[in-house]
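Novice:
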Amino acid sequence: MVVRLSKTLMVAAIGLFAFLVAFGNITDYGSNFAFVHHVLLMDTIFPDATIKYRAIETEWAHHLGYIVIIILEGVTSLLCLLGAWQLWHKRKLSARDFNRGKKVAIAGLTLGFLTWQVGFMSVGGEWFGMWMSSQWNGVPDAFRFFITILGVLIYLVQKDEELEI
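Mapping of the sequence shown onto the working numbering: position 5 corresponds to residue 449, and the numbering continues sequentially without gaps.
1. Restricting to Cα atoms, I'd like to know which of Asp585, Leu600, Ile514 and Trp571 is closest to Thr554.
2. Cβ atoms of Ile489 and Val596: under 8 Å apart, would you say?
3. Hey, could you find the ends of the alpha helix (DSSP H) Asn469 is sitting in?
4. For the alpha helix (DSSP H) that contains Ile591, what are its first and last residues?
5. Looking only at its own chain, which residues have a Cβ that is under 6 Å from the Cβ of Ala539, when we skip the five neighbours before and after it?
6. Can you say whether His506 is buried or exposed, counting buried as having 16 or more other CB atoms within 10 angstroms of its CB?
7. Between Arg498 and Phe564, how many whole angstroms is the CB-CB distance? I'm expecting something under 8 Å.
8. Could you round the C-beta distance between Gly527 and Gly552 to whole angstroms and report it? I think they count as a contact, below 8 Å.
9. Once DSSP output is grouped into helix, strand and coil, what is the label at Gln530?
10. Cutting at 7 Å between CB atoms, please list the residues of its own chain near Met486, excluding the five before and the five after it.
11. Can you have a look at Gly474 and say buried or exposed, based on whether 16 or more other CB atoms are within 10 angstroms of its CB?
12. The alpha helix (DSSP H) that contains Gly552, what's its start and end?
13. Kindly indicate which three-state DSSP category Phe616 falls into: helix, strand or coil?
14. Pull up the distance between the alpha-carbon of Gly437 and that of Phe463, whole angstroms please.
15. Please tell me whether Val562 and Leu523 are closer than 8 Å, where the distance is taken between their beta carbons.
16. So what does DSSP say about Ser578, is it helix, strand or coil?
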């Protein structure tokens, strides 16, 4: 039972984290929008970088990108919290039922991984050269986030056995 509770709580913790990130992005839209704005403008990367042609200067596109990020964070939160709820309710059932009950949690963790690894690390970090910015570099934070999510995902997908009576 301890392992099942552990998995449930870890999924819930990621759901809480994603909720807080999305909530912060919504309630402090301007401050956090500045991050996306500068990354997409590529105005703080190395002055001699030859990738500046990738910059997006259209402000509505910056808002659209930011809104997509917030939606992905929100859906990650919802899926993880719903997945944790389902795991909680299946914690005393057979191993087969508990293992089958992991689908929503797996979807939430996968979306979270993709949001921070693909969205921030790959697109922001590599395509828009975010790693070159001393002011707007979210690569280390994104790495911490998606590695944590990946750790929980790997732990969750380990098959659970029947409960000892």
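Note that the Cβ used here is the ideal one computed from N, Cα and C, for glycine as well.
Specialist: Taking the geometry as given:
1. Leu600
2. no
3. Asn469 -> alpha helix (DSSP H) spans Val446 to Thr471.
4. According to the DSSP assignment, Ile591 belongs to the alpha helix (DSSP H) that extends over Val583 to Val601.
5. Asp604, Glu605 and Glu606
6. When all chains shown are included, His506 counts as buried.
7. So it is not a contact: roughly 16 Å between Cβ atoms.
8. 5 Å
9. Judged by DSSP in its simplified three-state form, Gln530 adopts helix.
10. Lys496, Arg498, Ala499, Phe572 and Gly573
11. exposed
12. Lys547 to Leu558
13. Here the chain covers residues 445 to 609 and nothing more, so residue 616 does not appear.
14. Nothing can be reported for residue 437, as the shown portion of the chain is limited to 445 through 609.
15. no
16. Per DSSP, reduced to three states, the secondary structure at Ser578 is coil, with no helix or strand assignment.
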